[in-house]
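Everything below concerns the one structure shown next.
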Amino acid sequence: MSVSGKAQELYDKMVEKPAGTFFSQDDLERLTSVSKKLIVELVQELLNSELVKLGTQDGELKFSAVTKAEADKVSKMTDEERMIYSHIEAAGRDGIWQKIIKTKTNLHQHIFTKSLKALENKRFVKSIKDVKHPTRKIYMLYNLQPSIALTGGPWFTDSELDTEFVESLLNIVWQFITTKSLPNPFPGQSKRAPGEEYNPDQTTYCSTFDGYPSLEDVLDFILKSGITTVDLSVGDIKSLCDVLEYEDRIERVGELDDCYKATWQSILEKGGGLREGTDPMEIKDSQWSIFDWYTQMPPSENDPDVMCLDSWINS
Amino acid sequence: MSSVDNGSIESVSEKASRIQSAKSYLFTTLLKDLLGLGPSIIISKLYSNGRLTLRELSAKTKIGKRKVQGILVKLIQLKCVKYFAPSGSKKPTVNYYVNEEGLLIFLYSGEIIASIKKKYSDDLMAEIIQNFLNYGNLTLSDYLSNLESHKNENQNKENQNKEKDENGSENRDEDDNDEDLDEKSDIEKKFNILIQDGWIVPIKSDIEFQNKYDIYRELYQKNYAKYPKATSISEIKRKKEVKYSTEIDFNKLFEFSKKDIYESDNSFFNKGANTMFGSDSFGSSKIKQDLAFKFSLARFFKHMRSVCLVKIVNQRLGPVSSKVFGLVMQKIEKNSQDCSKFALDFADVYLNLNSKMESQGDSTIIASSDIPAKSLPQYLSYAKLVLDAENSVCFTLQDIAALLKKREDIDLSNSIKFKSVHSNKRKNRDNQNMGPATKKIKQENEILAMQVLNGNHNDSDEEGDENTEDMDEKHSVGALYQHLELMANSSIPFLRRNPNGAYYVPFSELMSKTKEMNFMYLVKSVLGRNEFKVLNCIIKSKLIDEKALINHTLLKDDDLRVCINRLFKLQAIEVQEIPKTVDRQANRSAFAYRFNKKFNTRLLENNLLHEISLIFNHINETKEKNKLLLGKANREDIKGKEEDMLLTSELNQLKWLNENELNCVSRIHRARSIWEVFAIF
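Residue numbers (numbering that gives the first Met the number 0), protein chains in the order written: chain A, 0 to 314; chain B, 0 to 680.
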């Protein structure tokens, strides 16, 4: 792997720049102040020693320096392994699907599998799971961390949806929004603000009230409270609020505003919104409605009094 | 009817009605219990054939003509069957049809009487309505004479007893006469209240029992024949004009003026007071003795719709707002638009709207770019909004405030807060659409509204928060205004405001939202929270594939597939194939889901009706199994002495039977309360 003195000089100057910097032929000329013809020869020499790799930037052919360790690693690979490795390396943190590598390299299946396995065994590359396509085998360099697109973001732990985490965050977000959207959502349970008088049945903010929490408020609350160490963005809070909206636990205030308020139904379902000391399960004087479903005892198995919604189809 | 009580006919009839439709199964089951097997078989045959003549009915039911005729008279009286005999022919063929009005009255009879009792807290009113339900229709003189004959019978019995005592006094007869007069005037008064509140409506006996569609068709044909053919008007225009004139003639047939209902020489009428449809006040108007009245089912369903909506406000906004909405419904219920079951078919409304627009010179309105009328569904929803705004009964804050003053049970104090109780800082978000300045103006308007209502016009410089002092009062107008505004600004359109500042209830818009919400909560209560979430996501996204669903709902793919499967079984969603290749390869295609609104509602209605029928049958079967015990318990010598005369096991069995029946009745009520939202409102 020994190169001539001038080639070594060029290589050293290229390495001095930050890793991954691409140089055009003119840049290299400026770096070494040698003739164009000689530059071509020197670059060819470095390319042969795997100390420089080729790349295109804005449609122009450019060169980038490779660390000696990396060059050493690549030089020990077979041609097939090198070919596969270069495609995986180019994919970066997004990884590349096994099928695409095979199509691009056009190698025989047997050789392809053997080379890929060899790269994996040498811990040069690793296979990871894509949350969007769980059946696909995605490869990336061993030392890289998969991108959010592959891991699924904060809701996934080890490429599995962390439902417990999502559920607890949903409850926290709902509770925060509830306390901000009603003065006294759980009479008897929450502390009364000093000097505040509430109606025993319902106390609501007026129709023009503008203190409903926005996405930023919710994110701010989560970050300040230190509930989670996972990095969350406004987009993540938005997807949590969307889920709460689908569950009819919160609703948007105004069409274009990203402010939310808790629905009275969701508060009732959680045992709130009732006069102090009222049992939600007690028999009411008013007519039964489907919205009272949470006050009913769930049917036991083989309950003879259960009504079926598909009795007519199955009759 | 003994000749028709035969096991084979019964089983064939039940099977046939069960197979043909859920509705037919329910109503035949109900009629069998209430009127017997003959009427039930006739209704079943009419359901399966649409319309039948007497001869056809007799042949199909295998019941003698004379008997069929007798049953039909009874069913027509009770508004379970209607007929039509075309005019003009010497020997017209009379066709008979099912009239669901009577059948629905049977289904709701208990609820009707209970509602009247609750509304007026008066047993006599409920008794009058009960008589209407029993006889179908009555005149005031019929009612009074029936009452008299009933009294005479009772008196004869009493006299017989008195003769035995030989101590009767002459003075009692005079007292009885005075009491009779009082009672008659009392009944007449109650009749008047029921008429003015729309619970009983006058009928024209010649057309009331006939099929209205046939009457309309005959009128249309007559008008079409009369229309001059030689004119250069196009066929479409001609038909439209004939239709318009037919509608006027048709409405005239069923119209009643005040003079038709009340005696013209009574003092109340002479004062020019609007007795029938306008003023709420009622006096001593003398009702025509020979005019027949019937119970208005349409009015009852308006009441049921109000009950349903008040409950939804309770669940969405809270109990105080729901009480305020109850006052709104109290104000507008009587004159509000009919439930969809009794209203015109929407296609007709659509045509009416078009003709209305044309007559006003707005024929270009459909093509106008500022109206979302690019597609028919968009246009229909726009038409609904227009119709709601035009046809709804409007009310003002003052109207509700006047009603509120009379209600001691409604307490609005401290129910509205203007500032956040959690922090004193009031946020002023820079909003693109409604900046802080706009909000300030809005608040000032509200304060002004409160000042106008309180008769305080001078202190316009006061701060908004200082003007909220009256919020602490029980019947505060400011708080009332805020509750109305909360309903008007809610995600569910409970109220809307017209340009004049008055409020109205947009029934078409509100009821379609109510139906959707009822279905959603049915899914939540029956299938579960995940299914509810997935369905809501599908509805909001309109068309969505599995991957997007996973991302939006944050559900595991296995859980999502279970939800999708269960929603499919309920036929709540349908799948749409999105082909990725030209030859539509199934393995390359993507599949997206959408909400199957129309079909699942129909299916749900049928399922609920079928379930109600099954419960009715279960009650009958249980009674049949315990026939001996029930017979024993109903014996005159045992009644009241059950504990002494019956064994412990028999008493336990009786207790179980009672509980079982109560349980079944409550299940029927619940299934019916869901069904009516989809089928009636």
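Glycine is no exception: its CB is placed at the ideal position from the N, C-alpha and C atoms.
Problem set entry | Cys-562(B) at chain A interface by Cβ criterion, 7 Å | As a position in the second sequence, residue 562(B) is number 563, starting the count at 1. At a cut-off of 7 Å, the C-beta of Cys-562(B) has no neighbouring C-beta in chain A.
Exercise. Phe-531(B) touches chain A at which residues, Cβ-Cβ below 9 Å?
Worked result: Looking up residue 531(B) in the second sequence gives position 532. In chain order: Tyr-245, Glu-246, Asp-247.
Exercise. Among Ser-85(A), Met-296(A), Asn-313(A), which residue has its Cα nearest to the Cα of Val-525(B)?
Worked result: Looking up residue 525(B) in the second sequence gives position 526. Ranking the options by Cα distance to Val-525(B), first place goes to Met-296(A).
Exercise. For Trp-173(A), does the count of other Cβ atoms within 10 angstroms reach 16, so buried, or fall short, so exposed?
Worked result: What you label residue 173(A) is simply residue 174 of the first sequence in a count that begins at 1. With 16 or more other Cβ atoms within 10 Å, it is buried.
Problem set entry | Three-way DSSP call (helix, strand, coil) for Arg-495(B) in this model | Numbered from 1 along the second sequence, position 496 holds the residue referred to as residue 495(B). If DSSP states are grouped into helix, strand and coil, Arg-495(B) belongs with the strands.
Exercise. For Asn-183(A), which residues of its own chain have a beta-carbon under 6 Å away from its beta-carbon, when the five flanking residues on both sides are left out?
Worked result: Taking the first sequence and counting its residues from 1, one reaches residue 183(A) at position 184. Excluding residues up to 5 positions away in sequence, Tyr-197, Thr-202 lie with their Cβ nearer than 6 Å to the Cβ of Asn-183(A) in the same chain.
For this session: Look at Lys-189(B) and Ile-232(B) and say whether their C-beta atoms are less than 7 Å apart.
Result: Position 190 of the second sequence holds residue 189(B). Position 233 of the second sequence holds residue 232(B). Note that the C-beta distance between Lys-189(B) and Ile-232(B) is not below 7 Å.
For this session: Classify Arg-251(A) as helix, strand or coil using the three-state DSSP reduction.
Result: The count along the first sequence starts at 1 and reaches residue 251(A) at position 252. Secondary structure at Arg-251(A): strand, using DSSP grouped into helix, strand and coil.
For this session: Quick one: list the residues of chain B neighbouring Cys-240(A), beta-carbon separation under 9 Å, in chain order.
Result: For the purposes of this step, residue 240(A) is taken as residue 241 along the first sequence, with counting starting at 1. The premise fails here: Cys-240(A) is roughly 11 Å from chain B at the closest Cβ pair, so nothing lies under 9 Å.
Exercise. Do we get a CB-CB distance below 7 Å when we pair Phe-185(A) with the residues of chain B?
Worked result: The count along the first sequence starts at 1 and reaches residue 185(A) at position 186. No, Phe-185(A) does not count as interfacial toward chain B.
Exercise. For chain A, is any of its Cβ atoms less than 7 Å away from the one on Gln-481(B)?
Worked result: For the purposes of this step, residue 481(B) is taken as the residue at position 482 of the second sequence. Yes, Gln-481(B) counts as interfacial toward chain A.
Exercise. DSSP three-state call for Gln-329(B): helix, strand or coil?
Worked result: Against the second sequence, residue 329(B) aligns to sequence position 330. Correct three-state label for Gln-329(B): helix.
For this session: Could you please give the first and the last residue of the uninterrupted beta strand (DSSP E) stretch that includes Gln-575(B)?
Result: Locating residue 575(B) in the second sequence gives position 576, counting from the first residue. Judged by DSSP secondary structure, Gln-575(B) falls within the beta strand (DSSP E) whose first and last residues are 572-577.
For this session: State the DSSP-derived secondary structure class of Ile-370(B), mapped to helix, strand or coil.
Result: On the second sequence, position 371 is the one that residue 370(B) refers to. Model confidence at Ile-370(B) stands at a pLDDT of 47, short of 50, so the residue's coordinates are unreliable; what they give is reported in the following sentence. Per DSSP, reduced to three states, the secondary structure at Ile-370(B) is coil, with no helix or strand assignment.
For this session: Could you list the residues in the region 272-296 of chain A with a C-beta less than 7 Å from some C-beta on chain B, going in chain order?
Result: Listed in sequence order: Gly-272, Ser-285, Gln-286, Trp-287, Ser-288, Ile-289, Phe-290, Trp-292.
Problem set entry | Residue nearest to Thr-150(A) in terms of C-alpha spacing, selected from Asn-170(A), Thr-112(A), Arg-92(A) | Against the first sequence, residue 150(A) aligns to sequence position 151. Among Asn-170(A), Thr-112(A), Arg-92(A), the Cα nearest to that of Thr-150(A) is on Arg-92(A).
Problem set entry | Within chain B, the residues that Lys-402(A) reaches when beta carbons sit closer than 8 Å | One cannot answer for residue 402(A) here, as it falls past the ends of chain A, which runs 0 to 314.
Exercise. Beta strand (DSSP E) containing Val-200(B): first to last residue?
Worked result: Taking the second sequence and counting its residues from 1, the one referred to as residue 200(B) is at position 201. Element bounds for Val-200(B): 199-201.
Exercise. So who's on the other strand from Cys-258(A), going by DSSP bridges?
Worked result: Numbered from 1 along the first sequence, position 259 holds the residue referred to as residue 258(A). Beta-bridge pairing links Cys-258(A) to Ser-213(A), Val-252(A).
Exercise. With a cut-off of 7 Å, does the C-beta of Cys-338(B) fall near any C-beta of chain A?
Worked result: Along the second sequence, one-based indexing puts residue 338(B) at 339. Chain A contact via Cβ: absent.
For this session: Alpha carbon to alpha carbon, how far is Leu-115(A) from Lys-315(A)? Give it in angstroms, no decimals.
Result: With chain A running from 0 to 314 in the structure shown, residue 315(A) is simply not present.
Problem set entry | Residues that DSSP places opposite Ala-501(B) in a beta bridge | Residue 501(B) sits at position 502 when you count from the first residue of the second sequence. Ala-501(B) pairs with nothing; no bridge assigned.
Problem set entry | His-474(B) and Lys-404(B) closer than 7 Å at C-beta | The sequence position of residue 474(B) within the second sequence is 475, counting from 1. The sequence position of residue 404(B) within the second sequence is 405, counting from 1. Pairing His-474(B) with Lys-404(B) gives a Cβ-Cβ distance under 7 Å.
Exercise. Is DSSP giving Thr-77(A) helix, strand or coil here?
Worked result: As a first step, residue 77(A) is located in the first sequence; it is residue number 78 there, counting from the start. Here DSSP, grouped into helix, strand and coil, assigns Thr-77(A) to coil.
Problem set entry | Proximal residues of chain B, C-beta to C-beta of Tyr-204(A) below 8 Å | Taking the first sequence and counting its residues from 1, one reaches residue 204(A) at position 205. Under the 8 Å cutoff, chain B gives Ile-415, Lys-416, Phe-417, Ser-419.
Exercise. In its own chain, which residues sit with a C-beta less than 8 Å from the C-beta of Leu-51(B), not counting the 5 before and 5 after it?
Worked result: Position 52 of the second sequence, counting from 1, holds the residue named residue 51(B). Around Leu-51(B): Lys-44, Leu-45, Lys-59, Asn-94, Tyr-95.
Exercise. Measuring CA to CA, which of Pro-85(B), Leu-56(B), Ala-84(B), Cys-393(B) is closest to Leu-71(B)?
Worked result: Position 72 of the second sequence, counted from the first residue, corresponds to residue 71(B). When each option's Cα is compared against that of Leu-71(B), the closest is Leu-56(B).
Exercise. Any idea if Pro-371(B) is buried or exposed, counting beta-carbon neighbours within 10 angstroms, 16 or more meaning buried?
Worked result: By 1-based counting over the second sequence, the position of residue 371(B) is 372. Any reading at Pro-371(B) must be qualified, since the residue scores a pLDDT of 47, below 50, and its modelled position is unreliable; no value is offered.
Problem set entry | Beta-ladder partner(s) of Ala-64(A), from DSSP | Position 65 of the first sequence, counting from 1, holds the residue named residue 64(A). BP columns for Ala-64(A) point to Val-51(A).
Exercise. Below 8 Å, can you find three or more Cβ-Cβ pairs linking the region 605-616 of chain B to the region 576-592 of chain B?
Worked result: Touching, no, given that fewer than three Cβ pairs across the two stretches are closer than 8 Å.
Exercise. For Gln-19(B) and chain A, any beta-carbon pair shorter than 7 Å?
Worked result: Your numbering for residue 19(B) matches position 20 in the second sequence. No, no contact with chain A.
For this session: Please compile the residues from chain A whose C-beta is within a distance smaller than 9 Å of the C-beta of Glu-484(B).
Result: What you label residue 484(B) is simply residue 485 of the second sequence in a count that begins at 1. Simply Cys-205, Ser-206, Thr-207.
For this session: Could you check the C-alpha separation between Lys-136(A) and Val-14(A) for me, to the nearest Å?
Result: Here residue 136(A) refers to the residue found at position 137 when the first sequence is read from its first residue. Here residue 14(A) refers to the residue found at position 15 when the first sequence is read from its first residue. Per the coordinates, the alpha-carbon of Lys-136(A) lies some 34 Å from the alpha-carbon of Val-14(A).
For this session: From the DSSP output, read off the bridge partner residues of Ala-589(B).
Result: Along the second sequence, read from residue 1 onward, the residue named residue 589(B) stands at position 590. Listed as beta-bridge partners of Ala-589(B) by DSSP are Ile-577(B).
Exercise. When the cut-off is 7 Å and only beta carbons count, does Gln-144(A) lie next to chain B?
Worked result: The count along the first sequence starts at 1 and reaches residue 144(A) at position 145. Gln-144(A) does not count as touching chain B.
For this session: Step through the CB atoms of chain E and report whether any lies within less than 7 Å of the CB of His-617(B).
Result: Annotation note: the requested chain E is absent from the structure, which comprises protein chains A and B.
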